[in-house]
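Residues 6 to 89 in this note's numbering are what the sequence shown spells out, letter by letter.
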Amino acid sequence: MSWQDRAACGGMDVLLFFGPDDEPGPEREIREAKAKAVCKPCPVRVQCLDYALRNSIRHGIWGGLNEEERARERRRRARRPDAA
Ligand code: SF4
């Protein structure tokens, strides 16, 4: 069984996690808040975030973080002395 099989978002509408490119800011904030509420208790949140960071996935909500938040996390991890 892979971590994806235990995802809290399994079977949900992917549009909640991946908005359109031209999505207006207020709608995006609402959608992302709903998606993050699903991610928060997800049992594979760490694995999901690690997967997105390892594979440089730029779009959507992964591990409870949006694109900008993942970019920040990527930079934070790159600064760690033990970073690979
Ligand atoms: S952390 Fe969020 S996007 Fe990732 S598997 Fe869990 S519910 Fe889905």
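Yeah, the Cβ is synthetic: ideal placement off N, Cα and C, and Gly gets one too.
- request: In angstroms with no decimal places, state the Cα-to-Cα distance between Ala12 and Phe23.
  value: 16 angstroms
- request: Report, in whole angstroms, the separation of the C-beta atoms of Arg79 and Leu58, which I expect to be a contact under 8 angstroms.
  value: 6 angstroms
task: Pull every residue with its beta-carbon under 6 angstroms away from any heavy atom of the ligand SF4, and keep them in chain order.
output: Shown in chain order are the residues whose CB sits closer than 6 angstroms to a heavy atom of the ligand SF4: Ala12, Ala13, Cys14, Phe22, Val43, Cys44, Cys47, Val49, Arg50, Cys53, Ile66, Trp67, Gly68 and Gly69.
- request: Can you tell me which of Pro31, Gly30, Pro29 and Lys41 puts its alpha carbon nearest to the alpha carbon of Val19?
  value: If we check each option's Cα against that of Val19, Lys41 comes out closest.
Glu73 to Leu21 span [Cα, whole Å]: 17 angstroms
- prompt: Thinking just about the alpha-carbon of each residue, which of Met6, Ile66, Pro48 and Gln9 is nearest to the one in Ile35?
  reply: Ile66
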